[in-house]
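Numbering that gives the first Met the number 0 applies: residue 0 is where the sequence shown begins, and numbers increase by one.
Ideal placement from N, C-alpha and C gives every residue a C-beta, glycine not left out.
Worksheet for the structure shown next.
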Amino acid sequence: MLNEIDRIFQDDKTRPITENDIHNLKYCEAIIKEVSRIFSIVNSLPRCLETPNEIGGYQWPAETMIRINIDAIHHNDEYWEEPNKFNPDRWMVEGFEPKKNSFIMFGGGLRVCPGRKLAMIELVCLMALLFRKYEIDLIDKEAPLKTESGVITVCAELFVEIKLRN
Ligand code: HEM
Numbered sequence: 000m001l002n003e004i005d006r007i008f009q010d011d012k013t014r015p016i017t018e019n020d021i022h023n024l025k026y027c028e029a030i031i032k033e034v035s036r037i038f039s040i041v042n043s044l045p046r047c048l049e050t051p052n053e054i055g056g057y058q059w060p061a062e063t064m065i066r067i068n069i070d071a072i073h074h075n076d077e078y079w080e081e082p083n084k085f086n087p088d089r090w091m092v093e094g095f096e097p098k099k100n101s102f103i104m105f106g107g108g109l110r111v112c113p114g115r116k117l118a119m120i121e122l123v124c125l126m127a128l129l130f131r132k133y134e135i136d137l138i139d140k141e142a143p144l145k146t147e148s149g150v151i152t153v154c155a156e157l158f159v160e161i162k163l164r165n
C-alpha cells in the first residue's frame, strides 16, 4: 500500500489528489474492499415480502420480514477461497470479479447504494492522503477490535500512534 502511494505521489505530501491518482490507487481500493468483505459496515439488509414466496426451500407468507446476512455471505466458502483470510491480493488478480451477489457491501439489485462510487472515491482519497503524510500504527496489535453493531457496525475504540512520515 505504501509503495503504491509513494509511487503515485513521489513524496509530494501536499499536492491535491487527481482523478487519475484515484484510478491508479488499485491496491488501496483492494484493501478497502477486502476490509469491507471481512467486516462489512452494513451487516445485514432488511426486506419484507410483498407476496408469499419460496426462499431457501421454505414457503414464507406475505409480510414476512427477512434479513439478508451480509457477513455470512462475505464469509461463505462457496463464494470465497479461504473466506476468513484477510487477503487484499484476491482483488488484484487480473479479471477477478466476485461471484454474483457474493460481495454486497453496497447491497445489490434495485436498492443498491446510489452513493457507492462516491463512497469508494472518498475512502481511497482518505486512505492515500492520510498514509502519504502519516505513519499510523496500532498501539496494541493483539487487542480485540471493539465494535458496536446496530444498523451499521462502527469501531467504538481504537488506539493508534500517529507520526509524521519522513
Ligand atoms: C462506505 C460507505 C457506504 C456503504 C457501506 C453503504 C451501504 C449501503 C447499502 C448496503 C445500501 C442498501 C440498503 C438496502 O438494500 O436495504 C445502501 C443504500 C443507500 N445508500 Fe449507501 N452506503 C455508503 C455510502 C453512501 C453514500 C456516500 C451515499 C450518498 C451520497 C449513500 C446513499 C444511499 C442511499 C440513498 C441508499 C438507499 C437506496 C434505496 O433504498 O433505493 N450511501 N447503502
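- Just so you know, the alpha carbons of Lys-116 and Val-150 end up roughly 21 Å apart.
- With 16 or more other CB atoms across the displayed protein chains lying within 10 angstroms of its CB, Phe-102 is buried.
- Nearest in C-alpha terms to Ile-21, of all of Leu-125, Lys-99, Arg-46 and Thr-13, is Leu-125.
- Pairing Asp-10 with Phe-130, the inter-Cα distance amounts to about 11 Å.
- In this structure the segment 32-43 touches the segment 70-88; the number of beta carbon pairs closer than 8 Å is three or more.
- Here the C-alpha atom of Ala-61 lies approximately 41 Å from the C-alpha atom of Glu-156.
- Per the C-alpha coordinates, the member of Leu-1, Pro-15 and Leu-24 positioned closest to Leu-122 is Leu-24.
- Within its own chain, the residues whose Cβ lies closer than 7 Å to the Cβ of Thr-146, once the five positions on either side in sequence are excluded, are Thr-152, Val-153, Cys-154 and Ala-155, listed in chain order.
- At a cut-off of 6 Å, the beta-carbon of Gly-149 does not count as near the ligand HEM: no heavy atom of the ligand is closer than that.
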